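A.B. asks: Right, I'll just put the structure down here and ask away after.
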Amino acid sequence: MPKNNNFRLPSLKDAQIRTKETVKIEHNLFKLPEPTRNLGVGRKFFLRTYGCQANERDSETIAGILLEMGFTRTDIEEEADFILLNTCAVRKNAEDKVLGELGMLKKLKTKNPDLMFGLCGCMAQEEEIVQLLLKKYPQVDLIFGTHNIHRLPELLYNAMMTKEKTVEVYSKEGEVIENLPVKRFGKHKAWVNIMYGCDKFCTYCIVPYTRGKERSRLMNDILAEIQELKDTGYKEVTLLGQNVNAYGKDLDIENGFATLLEEVAKIGIPRIRFTTSHPWDFTDDMIDVIAKYDNVMPAIHLPVQSGNSDMLKIMGRRYTSEEYKSLYDRIIAKIPNCTFSTDIIVGFPNETDQQFQDTLDMVDYCKYDLAYTFIYSPREGTPAARMEDNVPMDVKSERLQRLNEKVGLYSNMNNQKYVGKVVRVLVDGLSKKNDQVYSGYSEENKLINFTGSQVQEGDIVKVLITDVKSWSLNGEVVE
Ligand code: 5AD
Ligand code: SF4
Numbered sequence: 000m001p002k003n004n005n006f007r008l009p010s011l012k013d014a015q016i017r018t019k020e021t022v023k024i025e026h027n028l029f030k031l032p033e034p035t036r037n038l039g040v041g042r043k044f045f046l047r048t049y050g051c052q053a054n055e056r057d058s059e060t061i062a063g064i065l066l067e068m069g070f071t072r073t074d075i076e077e078e079a080d081f082i083l084l085n086t087c088a089v090r091k092n093a094e095d096k097v098l099g100e101l102g103m104l105k106k107l108k109t110k111n112p113d114l115m116f117g118l119c120g121c122m123a124q125e126e127e128i129v130q131l132l133l134k135k136y137p138q139v140d141l142i143f144g145t146h147n148i149h150r151l152p153e154l155l156y157n158a159m160m161t162k163e164k165t166v167e168v169y170s171k172e173g174e175v176i177e178n179l180p181v182k183r184f185g186k187h188k189a190w191v192n193i194m195y196g197c198d199k200f201c202t203y204c205i206v207p208y209t210r211g212k213e214r215s216r217l218m219n220d221i222l223a224e225i226q227e228l229k230d231t232g233y234k235e236v237t238l239l240g241q242n243v244n245a246y247g248k249d250l251d252i253e254n255g256f257a258t259l260l261e262e263v264a265k266i267g268i269p270r271i272r273f274t275t276s277h278p279w280d281f282t283d284d285m286i287d288v289i290a291k292y293d294n295v296m297p298a299i300h301l302p303v304q305s306g307n308s309d310m311l312k313i314m315g316r317r318y319t320s321e322e323y324k325s326l327y328d329r330i331i332a333k334i335p336n337c338t339f340s341t342d343i344i345v346g347f348p349n350e351t352d353q354q355f356q357d358t359l360d361m362v363d364y365c366k367y368d369l370a371y372t373f374i375y376s377p378r379e380g381t382p383a384a385r386m387e388d389n390v391p392m393d394v395k396s397e398r399l400q401r402l403n404e405k406v407g408l409y410s411n412m413n414n415q416k417y418v419g420k421v422v423r424v425l426v427d428g429l430s431k432k433n434d435q436v437y438s439g440y441s442e443e444n445k446l447i448n449f450t451g452s453q454v455q456e457g458d459i460v461k462v463l464i465t466d467v468k469s470w471s472l473n474g475e476v477v478e
């Protein structure tokens with residue numbers, strides 16, 4: 000094992016521990032120590048992000064830090080002096096992608112021996128993965144985790160100066176750190192963290208181990224950030240948390256998320272979204288706030304995972320299929336134009352045909368606009384990974400296919416309803432596939448491709464929907 004001052008490995012066992020200690024909120028922790036300040040001058044970094052929006056937002060912090068150190072950003076791997084992969088651990092195929100990429104990039108080191116490789120994010124929090132990287136991926140110079148992004152300047156300096164592997168992963172979350180640098184990748188849409196971590200411990204999920212315990216940011220810090228985004232021309236914020244409904248529980252704020260959402264709405268930024276909501280603690284107060292404010296978008300991501308109550312119990316989801324349906328009904332009753340997206344896992348250990356059928360029935364009931372569907376992937380260290388599984392892989396694949404067919408049917412059916420209607424679209428820019436066509440999202444979170452003149456990125460325009468594609472709608476600007 001390399002001798003190095005910065006050699007600290009993660010432990011999933013330690014990561015599982017939850018204490019009642021109140022988390023400190025640090026406003027002045029980040030600094031660039033003198034020797035790290037110009038480390039990047041004349042050097043370029045390449046940053047690739049895998050996985051969820053929390054990682055996207057972390058990458059904006061990482062980019063902010065590297066730019067402050069004098070680095071410039073490149074999108075071409077061959078040009079880079081520092082290649083960093085911000086990784087996801089939620090399923091095995093996400094990890095395989097990263098390991099494949101590391102294999103492919105290895106050859107760049109023969110061309111440029113000074114090239115540094117870094118890996119961070121959720122995979123870095125897994126002891127098994129770090130051991131594998133140390134043994135089989137000698138090209139990786141720097142590994143750090145989700146809890147110590149603020150340490151990047153010192154860690155990178157150490158790795159570059161000593162030319163020794165530098166590994167620093169904290170198993171346990173630390174403080175909530177405010178005022179880190181940030182380079183926002185979007186010009187009109189911004190991610191805003193409202194809390195970190197997850198305490199739900201669904202039995203299949205690695206996130207509570209890789210992202211630590213639930214910690215909320217102070218409401219004033221969040222509101223100040225959103226006010227500033229509005230003042231600098233941002234049109235949309237997405238409030239982020241593994242489970243936003245738990246916002247404020249650790250700060251003893253009653254009705255935390257509903258209160259926060261209302262305060263954010265009052266700031267008057269044109270569009271507010273949030274993700275992800277857990278059906279278990281989605282309150283009627285939250286529904287009321289979404290219904291009351293026009294700038295809270297009527298599009299809810301409500302992961303169901305399974306339509307069968309016994310399965311939900313084994314998954315540790317804390318709601319029954321009836322309770323989920325009742326929540327869905329209450330939302331629709333107060334927000335009739337609300338669209339729904341969801342996450343579904345098929346092939347959980349020992350899932351029966353009938354249990355899978357209940358999931359299909361749930362899709363019939365909720366008629367989701369969009370569903371992210373996954374085959375269960377065992378995650379080392381989680382309770383489900385220790386369950387015996389009698390469902391063969393071909394059965395799981397076949398279930399996934401049947402599920403996707405049903406999901407596609409409703410997605411298309413819902414989209415058809417928009418033909419002839421006018422929707423309001425926040426313009427992202429020209430469509431990637433056709434530079435005669437603009438694209439953006441409607442309030443209901445539908446992807447809209449449309450034609451029009453004098454359209455500017457960041458405008459909110461009215462679009463008449465003329466026809467429907469599988470995953471998007473076509474239209475033309477009116478007025
Ligand atoms: N296997 C398959 N899917 C998973 N998810 C989380 N953990 C696993 C796993 N071990 C899915 C859930 C979650 C989404 C982000 O990823 O559906 O909502
Ligand atoms: Fe994972 Fe469940 Fe937490 Fe979502 S709520 S991050 S699925 S443990």
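Quick note on numbering: numbering that gives the first Met the number 0 labels position 407 of the sequence shown as 406, and the sequence is numbered without any gaps. Quick reminder that beta carbons are idealized off the backbone N, C-alpha and C, glycines included. Please read all numbers here as calculations on a predicted model, not as lab measurements.
Pick helix, strand or coil for GLU350, following the three-state DSSP scheme.
C.D. replies: GLU350 falls in the coil class under three-state DSSP.
A.B. asks: Should ILE313 be listed as close to the ligand 5AD, given that the test is whether its C-beta is under 6 Å from any heavy atom?
C.D. replies: For the ligand 5AD, not one heavy atom lies less than 6 Å from the Cβ of ILE313.
A.B. asks: Note down, in chain order, each residue of its chain lying with its Cβ closer than 7 Å to the Cβ of GLY451, except the 5 sequence neighbours on either side.
C.D. replies: Correct list, in chain order: TYR437, VAL460, GLU475 and VAL476.
A.B. asks: Less than 7 Å between the C-beta atoms of THR538 and ASP363, yes or no?
C.D. replies: Outside the displayed range of the chain (0 to 478) lies residue 538, so it cannot be described from this structure.
A.B. asks: Indicate the three-state DSSP secondary structure (helix, strand or coil) for ASN111 in the structure shown.
C.D. replies: Note: ASN111 maps to coil in three-state DSSP.
A.B. asks: Reducing DSSP to helix, strand and coil, say where GLY120 ends up.
C.D. replies: If DSSP states are grouped into helix, strand and coil, GLY120 belongs with the strands.
A.B. asks: Could you check if LYS199 belongs to the surroundings of the ligand SF4, using beta carbon to heavy atom distance under 6 Å?
C.D. replies: LYS199: yes, Cβ under 6 Å from the ligand SF4.
A.B. asks: Please determine, among GLU387, ALA383, LEU65 and ASP309, the residue with the shortest C-alpha to C-alpha distance to PRO152.
C.D. replies: Considering only alpha carbons, the answer is LEU65.
A.B. asks: When DSSP labels each residue in this structure, what does VAL168 get in the three-state scheme?
C.D. replies: Residue state, collapsed to three classes: coil.
A.B. asks: Alpha carbon to alpha carbon, what distance is there between THR275 and LEU399?
C.D. replies: Approximately 23 Å, taken between the alpha carbons.
A.B. asks: Count the other C-beta atoms from every protein chain shown that fall within 10 angstroms of the C-beta of HIS277, then say buried if there are 16 or more, exposed otherwise.
C.D. replies: With 16 or more Cβ atoms within 10 Å of its Cβ, HIS277 is classed as buried.
A.B. asks: GLU235 lies in the beta strand (DSSP E); which residues open and close that run?
C.D. replies: Note, GLU235: beta strand (DSSP E), 235-239.
A.B. asks: Start and end of the beta strand (DSSP E) containing GLU475?
C.D. replies: Per DSSP, GLU475 belongs to the beta strand (DSSP E) from 472-476.
A.B. asks: When burial is assigned at 16 or more other CB atoms within 10 Å of the CB, is ILE16 buried or exposed?
C.D. replies: Classification of ILE16: exposed, given that the 10 Å Cβ count is below 16.
A.B. asks: Can you tell me the Cβ-Cβ gap for LEU101 and GLN124, rounded? I've got them flagged as a contact below 8 Å.
C.D. replies: In fact, because the Cβ distance is near 17 Å, the residues do not count as touching under 8 Å.
A.B. asks: Does DSSP put GLU25 in a helix, in a strand, or in coil?
C.D. replies: Strand, per DSSP.
A.B. asks: Hey, could you find the ends of the alpha helix (DSSP H) LEU260 is sitting in?
C.D. replies: It spans 255-266 - the alpha helix (DSSP H) in which LEU260 sits, taken as one unbroken run.
A.B. asks: Listed by chain order, which residues have C-beta atoms less than 6 Å from any heavy atom of the ligand 5AD?
C.D. replies: The answer, residue by residue, is VAL89, ARG90, TYR203, CYS204, PRO302, GLN304, ASP342, ILE344, PHE373, TYR375, SER376 and ARG378.
A.B. asks: For the ligand SF4, I want to know if HIS26 counts as a neighbour, meaning its beta carbon is within less than 6 Å of at least one of the ligand's heavy atoms.
C.D. replies: No; taking the cut-off as 6 Å, the Cβ of HIS26 has no heavy atom of the ligand SF4 nearer than that.
A.B. asks: Since ARG214 contacts CYS197 with CB under 8 Å, what's their CB separation in whole angstroms?
C.D. replies: ARG214 to CYS197, Cβ: 10 Å. No contact.
A.B. asks: Thinking just about the alpha-carbon of each residue, which of LYS162, ASP140, MET122 and VAL243 is nearest to the one in MET194?
C.D. replies: Among LYS162, ASP140, MET122 and VAL243, the Cα nearest to that of MET194 is on VAL243.
A.B. asks: Taking 6 Å as the line, does the beta carbon of ASN192 fall inside it for any heavy atom of the ligand SF4?
C.D. replies: No, the Cβ of ASN192 stays beyond 6 Å of every heavy atom of the ligand SF4.
A.B. asks: Taking all protein chains shown into account, do 16 or more other C-beta atoms lie within 10 angstroms of the C-beta of GLY99, making it buried, or fewer, making it exposed?
C.D. replies: Exposed, because fewer than 16 other Cβ atoms sit within 10 Å of the Cβ of GLY99.
A.B. asks: I'd like the list of long-range same chain contacts for GLY173, defined as Cβ closer than 6 Å, with 5 residues on each side in sequence excluded.
C.D. replies: Taken in chain order, the residues that qualify are HIS146.
A.B. asks: Tell whether a beta-carbon distance below 7 Å holds between ILE374 and VAL418.
C.D. replies: No, these two residues do not count as a Cβ contact at 7 Å.
A.B. asks: Extract the residue ranges of the alpha helix (DSSP H) inside the region 348-389, only unbroken runs of 4 or more that lie entirely within it.
C.D. replies: 352-365, all fully within the region 348-389.
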